[in-house]
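The structure appears right after this line, and notes come after that.
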Amino acid sequence: MTRLFQSNDQTLRRMCYLTIKEMANISEDVIIVTSSLTKDMTGKEDVYRGPAIRALCRITDTTMLQAIERYMKQAIVDKVPSVSSSALVSSLHMVKMSYDVVKRWVNEAQEAASSDNIMVQYHALGLLYHLRKNDRLAVTKMLNKFTKSGLKSPFAYCMLIRIASKLLDETEGGHDSPLFDFIESCLRNKNEMVVYEAASAIVHMPNCTARELAPAVSVLQLFCSSPKAALRYAAVRTLNKVAMKHPSAVTACNLDLENLITDSNRSIATLAITTLLKTGSESSVDRLMKQISSFVSEISDEFKVVVVQAISALCQKYPRKHSVMMNFLSNMLRDDGGFEYKRAIVDCIISIIEENPESKETGLAHLCEFIEDCEHTVLATKILHLLGKEGPRTPQPSKYIRFIFNRVVLESEAVRAAAVSALAKFGAQNDDLLPSVLVLMQRCMMDSDDEVRDRATFYMNVLQQKQKALNAAYIFNGLSVSIPGLEKSLHQYTLEPSEKPFDMKSVPLATTPITEQKMEIAPVATSKLPEKLAPSRQDIYQEQLASIPEFQALGPLFKSSEPVQLTEAETEYVVRCIKHTFARHMVFQFDCTNTLNDQLLQKVVVQMEPSEAYEVTHYIPAPSLPYSQPGSSYTLVRLPDDDPTAVSCTFSCTMKYLVRDCDPNTGEPDDDGYDDEYVLEDLEVTVADHIQKVLKPNFGAAWEEVGDENEKEETFALASVRTLDEAVGNIISFLGMQPCERSDKVPENKNSHVLFLAGVFRGGHDVLVRARLALADGVTMQVTVRSTEETVVDVILASVG
Numbered sequence: 001m002t003r004l005f006q007s008n009d010q011t012l013r014r015m016c017y018l019t020i021k022e023m024a025n026i027s028e029d030v031i032i033v034t035s036s037l038t039k040d041m042t043g044k045e046d047v048y049r050g051p052a053i054r055a056l057c058r059i060t061d062t063t064m065l066q067a068i069e070r071y072m073k074q075a076i077v078d079k080v081p082s083v084s085s086s087a088l089v090s091s092l093h094m095v096k097m098s099y100d101v102v103k104r105w106v107n108e109a110q111e112a113a114s115s116d117n118i119m120v121q122y123h124a125l126g127l128l129y130h131l132r133k134n135d136r137l138a139v140t141k142m143l144n145k146f147t148k149s150g151l152k153s154p155f156a157y158c159m160l161i162r163i164a165s166k167l168l169d170e171t172e173g174g175h176d177s178p179l180f181d182f183i184e185s186c187l188r189n190k191n192e193m194v195v196y197e198a199a200s201a202i203v204h205m206p207n208c209t210a211r212e213l214a215p216a217v218s219v220l221q222l223f224c225s226s227p228k229a230a231l232r233y234a235a236v237r238t239l240n241k242v243a244m245k246h247p248s249a250v251t252a253c254n255l256d257l258e259n260l261i262t263d264s265n266r267s268i269a270t271l272a273i274t275t276l277l278k279t280g281s282e283s284s285v286d287r288l289m290k291q292i293s294s295f296v297s298e299i300s301d302e303f304k305v306v307v308v309q310a311i312s313a314l315c316q317k318y319p320r321k322h323s324v325m326m327n328f329l330s331n332m333l334r335d336d337g338g339f340e341y342k343r344a345i346v347d348c349i350i351s352i353i354e355e356n357p358e359s360k361e362t363g364l365a366h367l368c369e370f371i372e373d374c375e376h377t378v379l380a381t382k383i384l385h386l387l388g389k390e391g392p393r394t395p396q397p398s399k400y401i402r403f404i405f406n407r408v409v410l411e412s413e414a415v416r417a418a419a420v421s422a423l424a425k426f427g428a429q430n431d432d433l434l435p436s437v438l439v440l441m442q443r444c445m446m447d448s449d450d451e452v453r454d455r456a457t458f459y460m461n462v463l464q465q466k467q468k469a470l471n472a473a474y475i476f477n478g479l480s481v482s483i484p485g486l487e488k489s490l491h492q493y494t495l496e497p498s499e500k501p502f503d504m505k506s507v508p509l510a511t512t513p514i515t516e517q518k519m520e521i522a523p524v525a526t527s528k529l530p531e532k533l534a535p536s537r538q539d540i541y542q543e544q545l546a547s548i549p550e551f552q553a554l555g556p557l558f559k560s561s562e563p564v565q566l567t568e569a570e571t572e573y574v575v576r577c578i579k580h581t582f583a584r585h586m587v588f589q590f591d592c593t594n595t596l597n598d599q600l601l602q603k604v605v606v607q608m609e610p611s612e613a614y615e616v617t618h619y620i621p622a623p624s625l626p627y628s629q630p631g632s633s634y635t636l637v638r639l640p641d642d643d644p645t646a647v648s649c650t651f652s653c654t655m656k657y658l659v660r661d662c663d664p665n666t667g668e669p670d671d672d673g674y675d676d677e678y679v680l681e682d683l684e685v686t687v688a689d690h691i692q693k694v695l696k697p698n699f700g701a702a703w704e705e706v707g708d709e710n711e712k713e714e715t716f717a718l719a720s721v722r723t724l725d726e727a728v729g730n731i732i733s734f735l736g737m738q739p740c741e742r743s744d745k746v747p748e749n750k751n752s753h754v755l756f757l758a759g760v761f762r763g764g765h766d767v768l769v770r771a772r773l774a775l776a777d778g779v780t781m782q783v784t785v786r787s788t789e790e791t792v793v794d795v796i797l798a799s800v801g
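The following block contains the structure:
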């Protein structure tokens, strides 16, 4: 390789540099070529200098970086643009390896940022930003400097817009911020790329009102009639995204979008139509559907998915049009297409079925037809799961059995297993179909796959008992436990032989309830599962708390709350609390961050004063809190035994600590310290902290299973609530329970509604709530609560009261 450096053939020399970069990972003696590359980097041949810098920086490690630092500084401010750009981009790669050395080149990078060459200016700005991105104040100063001085490079302008919008998002700056004014001023730039970047940034800002969007939308409207296909595509794609949140803001562009329907570029035409579907009126739906039908076969799967998503959004907007949509989607299902496309259609049909009960039978018929020749296992199991859930409740459930049993005869193991589970639900719900289902189950018990045989045997035995409680527990609703938690608990049980049977209540619950959309995972037991299930947030907390000796005797962790902020965002100390609930105790984890670089805090505890009969039993301090390094302190609280209904409590919190002043530059603390305290906001414990959400796909079966032994009922008037929607939202957030069977969706123009909620109270007691709501002058609510434990019923009613 070193001999080839003597060749004067330009192409051969460039090949040398490429080969060095390729071999950099496997070669150990790179020192040999370093001198040759340094010579080329500082030589007279400009065509070699840029590639030599890139190759040299690829093979240089931190120990050798000092040796070439002088050359790099010279190269960054070189008059030849290709050399300067190579040095800047190489420096950017080396920031990851040796940030402190590259940081010393800031002055040279700032000089390069005022270059006349557009790429050098862009690369210099990129390097300056990456050196400062962790310091918000430095980034703000840099933005102020460049937005005032003006840049020549459109690429640099685009990067400034991105940095400004990221900063706006982080600081939650409003639209009266100078950063927003800068982005808006870029809409008047003479370069189209900068104008589009500014419009795109405004459109993607959270909490943007239609009035603030208007200038960006009018710029995009102009692009719609551009002769350049790329600009038309960019404009219509961005307008499509705006239409999802602010359809009214895009209505002004409808005429321009209609002109794009006949665009020769099919991608642009598709996006134009789907945008019109989101912004158009109910009367225009039929016409637009006909226009889509004419060219849907010519476009790629990616854009077919966009069309399907637009139809899904339209169904929610105009529920009366579901029959037109359903026919269109069923025709699309018959067309050729990949997995993503077919999945989008199936998801869309399922959402129409769930939103519009009258479309259920038509939708199920289309899906039954589709699984007859569906080659995607995941989709077949998803549809079978839906048939098992919805089919038994239709007027003629028997007509679906043929489609389900065909899967047992013709399909792969995973689909056969899902079909067996679906069949069991028909047998459990319909007494007249039970004999036929049992015969089919017997046939499934002869299957070649053990998972299918096991399911069939299990369901056969459950169904033969003819008990509603068993059907509810083992066929309709299943277990709602954390799988990694169950595995750990069983393993623990086997390590310590015991006479006592394994207690399911010792297993942590699944923290995020499986939504009905995701339930298709359940039947696919024989498809390949990932090697290791990723631990949930709660499993991680369980491990953390179990490693603290004082908490080892508390038993399994029942629930961990979302973090609650106890300080304002810009204060000198940032404290947030996570509430961990156990069977008889609560642990409060205070994550504290010290934002003062001239202080070291030690022995940090949060002292808590409860308003109720709660008893603080132990404090575990955070040993030390250096500048900007988070630490955690814990407080252990015993729940009141004598009054089980006292679940709500307010704690006043004060952070107490020892302060040692520090040198801000070195971080060295003084020898002496002094005690200090900082008052935090009050912390509330509510009934929701004692209840874990669980989903019951079949609420009626779960209601029967729990039974009326501990049932209680009360009526309440909900003060200051004016709509049923608001009442439903308030009840769900207050009780912290999981709404079932889409009962959280209130139909329009209804004066009454029934809300079904399911959960588990700490200690492992199932609790179900049926709330009948009636709208008159205000909202009246009749609450019926059932639980396996009487105290839990009292707790719910007392907290609502």
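Under full-length UniProt numbering, the residue at position 526 of the sequence shown is numbered 526, and the numbers go up by one with no gaps. We treat Cβ as the ideally placed atom computed from N, Cα and C, and that holds for glycine. Every value quoted in this text rests on a predicted model; they were computed, and no experiment measured them.
**Asked** Candidates Ala-771, Asp-169, Ser-323, Met-23: which alpha carbon is nearest Met-205's?
**Response** Locating residue 205 in the sequence shown gives position 205, where the first residue counts as 1. That would be Asp-169, whose Cα lies nearest to the Cα of Met-205.
**Message:** Short of 7 Å in beta carbon distance, which residues of its chain neighbour Met-737, apart from the five on each side in sequence? Order them along the chain.
**Reply:** Start at 1 with the first residue of the sequence shown, and residue 737 comes out as number 737. Around Met-737: Ile-691, Lys-693, Leu-757, Ala-758, Gly-759, Val-769.
**Item:** Continuous alpha helix (DSSP H) stretch holding Cys-368: start and end
**Value:** As a first step, residue 368 must be located in the sequence shown, where it is residue number 368. Residue range 360 to 371 is occupied by the alpha helix (DSSP H) that includes Cys-368.
**Request:** Would you list the residues sitting across from Met-608 in a DSSP beta bridge?
**Result:** In the sequence shown, the residue the question calls residue 608 occupies position 608. In DSSP, Met-608 forms a bridge with Cys-653.
**Message:** In the DSSP assignment, the beta strand (DSSP E) including Pro-623 goes from what residue to what residue?
**Reply:** Translated into positions along the sequence shown, residue 623 becomes position 623. That run of the beta strand (DSSP E) goes 622 to 625.
**Request:** Would you kindly report the start and end of the unbroken beta strand (DSSP E) that includes Thr-567?
**Result:** Here residue 567 corresponds to residue number 567 of the sequence shown, with the count starting at 1. Careful: Thr-567 lies outside any beta strand (DSSP E) and carries neither H nor E.
**Request:** Indicate whether the contact test is met: 3 or more Cβ pairs, each with one atom in the segment 365 to 373 and one in the segment 319 to 337, closer than 8 Å.
**Result:** In short, these stretches touch, since the Cβ pair count reaches three.
**Prompt:** Thinking C-beta only, is Gln-221 closer than 7 Å to Asp-256?
**Reply:** In the sequence shown, residue 256 corresponds to position 256, counting from 1. In the sequence shown, residue 221 corresponds to position 221, counting from 1. In contact: Asp-256 and Gln-221 (Cβ atoms closer than 7 Å).
**Message:** Using 8 Å for Cβ pairs, my map puts Arg-402 next to Val-452. What's the rounded Cβ distance?
**Reply:** Within the sequence shown, the letter at position 402 stands for residue 402. Within the sequence shown, the letter at position 452 stands for residue 452. At roughly 19 Å, the Cβ-Cβ gap does not stay under 8 Å, so Arg-402 and Val-452 are not in contact.
**Test item: CB-CB of Ala-210 and Ala-249 under 7 Å** = Translated into the one-based positions of the sequence shown, residue 210 becomes position 210. Translated into the one-based positions of the sequence shown, residue 249 becomes position 249. Taking 7 Å as the Cβ cut-off, Ala-210 and Ala-249 qualify as a contacting pair.
**Message:** Using a 10 Å radius around the Cβ and a threshold of 16 neighbouring Cβ atoms, would you call Phe-476 buried or exposed?
**Reply:** Looking up residue 476 in the sequence shown gives position 476. Buried: at least 16 other Cβ atoms inside 10 Å.
**Prompt:** What is the rounded straight-line gap between the Cα of residue 804 and the Cα of Gly-707?
**Reply:** With the chain represented from 1 up to 801, any question about residue 804 goes unanswered, as that position is not in the structure.
**Asked** Exposed or buried, what is Asp-539 when buried is set at 16 or more other beta-carbons lying within 10 Å of its beta-carbon?
**Response** Reading the sequence shown from its first residue, position 539 is the one you call residue 539. Here Asp-539 is buried. Its C-beta has 16 or more other C-beta atoms within 10 Å.
**Item:** Completely contained alpha helix (DSSP H) runs for the segment 536 to 562, where each covers 4 or more residues
**Value:** Taken in chain order, the unbroken stretches of alpha helix (DSSP H) that lie wholly in the segment 536 to 562 and span 4 residues or more are 537 to 546.
**Prompt:** Anyone know if the C-beta pair for Pro-392 and Gln-429 falls short of 7 Å?
**Reply:** As a position in the sequence shown, residue 392 is number 392, starting the count at 1. As a position in the sequence shown, residue 429 is number 429, starting the count at 1. Pro-392 places its beta carbon less than 7 Å from that of Gln-429.
**Request:** Rounded to whole angstroms, what's the CA-CA distance from Ala-138 to Thr-171? Just pull it up for me.
**Result:** Counting from 1 along the sequence shown, the entry for residue 138 is found at position 138. Counting from 1 along the sequence shown, the entry for residue 171 is found at position 171. Roughly 14 Å between the two C-alpha positions.
**Asked** With burial defined as no fewer than 16 other Cβ atoms inside 10 Å of the residue's Cβ, what is the status of Thr-628: buried or exposed?
**Response** By one-based count along the sequence shown, residue 628 stands at place 628. For clarity, residue 628 is Ser in the given sequence; the question names Thr instead. Ser-628 counts as exposed, since fewer than 16 other beta carbons sit within 10 angstroms of its beta carbon.
**Prompt:** Roughly how many angstroms lie between the CA atoms of Lys-79 and Ala-313, to the nearest whole one?
**Reply:** To locate residue 79, count along the sequence shown from 1; it is residue 79. To locate residue 313, count along the sequence shown from 1; it is residue 313. One Cα belongs to Lys-79, the other to Ala-313, and the distance between them is close to 55 Å.
**Message:** Between which two residues does the beta strand (DSSP E) holding Met-205 run?
**Reply:** Locating residue 205 in the sequence shown gives position 205, counting from the first residue. Neither: Met-205 is in no beta strand (DSSP E) and is coded neither H nor E.
**Message:** Going by DSSP, what residue range makes up the beta strand (DSSP E) through Ile-161?
**Reply:** As a position in the sequence shown, residue 161 is number 161, starting the count at 1. It is not in any beta strand (DSSP E) - Ile-161 instead sits in the alpha helix (DSSP H) that spans 154 to 171.
**Request:** Out of Ile-548, Met-142, Ser-153, Gly-150, point me to the one whose CA is closest to Ala-164's CA.
**Result:** Indexing the sequence shown from 1 puts residue 164 at position 164. When only C-alpha atoms are compared, the closest one is Met-142.
**Request:** Mark Pro-227 as exposed unless 16 or more other C-beta atoms lie within 10 angstroms of its C-beta, in which case mark it buried.
**Result:** Within the sequence shown, numbered from 1, the residue matching residue 227 stands at position 227. Burial call: exposed.
**Residue range of the alpha helix (DSSP H) that includes Val-378** = Counted from its first residue, the sequence shown places residue 378 at position 378. Looking at the DSSP string, the run of the alpha helix (DSSP H) that includes Val-378 is 377 to 390.
**Item:** Pairwise C-alpha distance: Ser-547 and Gln-589
**Value:** Within the sequence shown, numbered from 1, the residue matching residue 589 stands at position 589. Within the sequence shown, numbered from 1, the residue matching residue 547 stands at position 547. Just so you know, the alpha carbons of Gln-589 and Ser-547 end up roughly 14 Å apart.
**Prompt:** Hey, which unbroken runs of the alpha helix (DSSP H) at 4 residues or more fall wholly within the segment 714 to 791?
**Reply:** Qualifying alpha helix (DSSP H) stretches, in chain order: 724 to 735.
**Prompt:** Rounded to a whole number of angstroms, what is the C-alpha to C-alpha distance between Thr-279 and Lys-360?
**Reply:** Position 279 of the sequence shown holds residue 279. Position 360 of the sequence shown holds residue 360. Taking the straight line joining both Cα atoms gives about 27 Å.
**Request:** Check whether the Cβ atoms of Glu-727 and Leu-718 lie closer than 7 Å to each other.
**Result:** For the purposes of this step, residue 727 is taken as residue 727 along the sequence shown, with counting starting at 1. For the purposes of this step, residue 718 is taken as residue 718 along the sequence shown, with counting starting at 1. Per the sequence shown, the amino acid found at residue 727 is Ala instead of Glu. With respect to Leu-718, Ala-727 sits close: the two C-beta atoms are nearer than 7 Å.
**Request:** Specify the secondary structure class of Asp-432 as computed by DSSP and reduced to three states.
**Result:** In the sequence shown, residue 432 corresponds to position 432, counting from 1. DSSP places Asp-432 in helix when its eight states are reduced to three.
**Message:** Give me the DSSP bridge partner(s) of Leu-509.
**Reply:** Within the sequence shown, numbered from 1, the residue matching residue 509 stands at position 509. The partner list for Leu-509 (beta bridge, DSSP) reads Val-481.
**Prompt:** Cα-Cα, which of Asn-461, Met-193, Ala-622, Ala-646 is closest to Tyr-657?
**Reply:** One-based indexing of the sequence shown puts residue 657 at position 657. For the set Asn-461, Met-193, Ala-622, Ala-646, the Cα lying nearest the Cα of Tyr-657 is the one of Ala-622.
**Message:** Let's see if you can read the secondary structure: which residues bound the alpha helix (DSSP H) around Met-142?
**Reply:** Here residue 142 refers to the residue found at position 142 when the sequence shown is read from its first residue. First-last of the alpha helix (DSSP H) with Met-142: 136 to 149.
**Request:** Give the single residue among Arg-443, Gln-442, Leu-463, Leu-410 whose Cα lies nearest to the Cα of Asp-431.
**Result:** Counting from one through the sequence shown, the residue named residue 431 turns up at place 431. Of the listed residues, the one whose Cα sits closest to Asp-431 is Leu-463.
**Item:** Whether Pro-630 touches Asp-591 by CB criterion (7 Å)
**Value:** Taking the first residue of the sequence shown as 1, we reach residue 630 at position 630. Taking the first residue of the sequence shown as 1, we reach residue 591 at position 591. Here Pro-630 is near Asp-591, since their CB atoms are less than 7 Å apart.
**Backbone secondary structure at Ala-522 - three-state DSSP** = Working through the sequence shown from its first residue, we reach residue 522 at position 522. Caution applies to Ala-522, whose pLDDT of 32 falls short of 50 and renders its modelled position unreliable; the value that the coordinates give is listed next. Three-state result, Ala-522: coil.
**Complete alpha helix (DSSP H) runs within the segment 659 to 724 (minimum length 4 residues, chain order)** = Taking only runs of at least 4 residues, the alpha helix (DSSP H) segments lying wholly in the segment 659 to 724 are 699 to 706.
**Item:** Sequence-distant residues of its chain with Cβ nearer than 6 Å to Ser-200 (five each side left out)
**Value:** If you number the sequence shown from 1, residue 200 lands on position 200. These residues qualify, in order along the chain: Thr-238.
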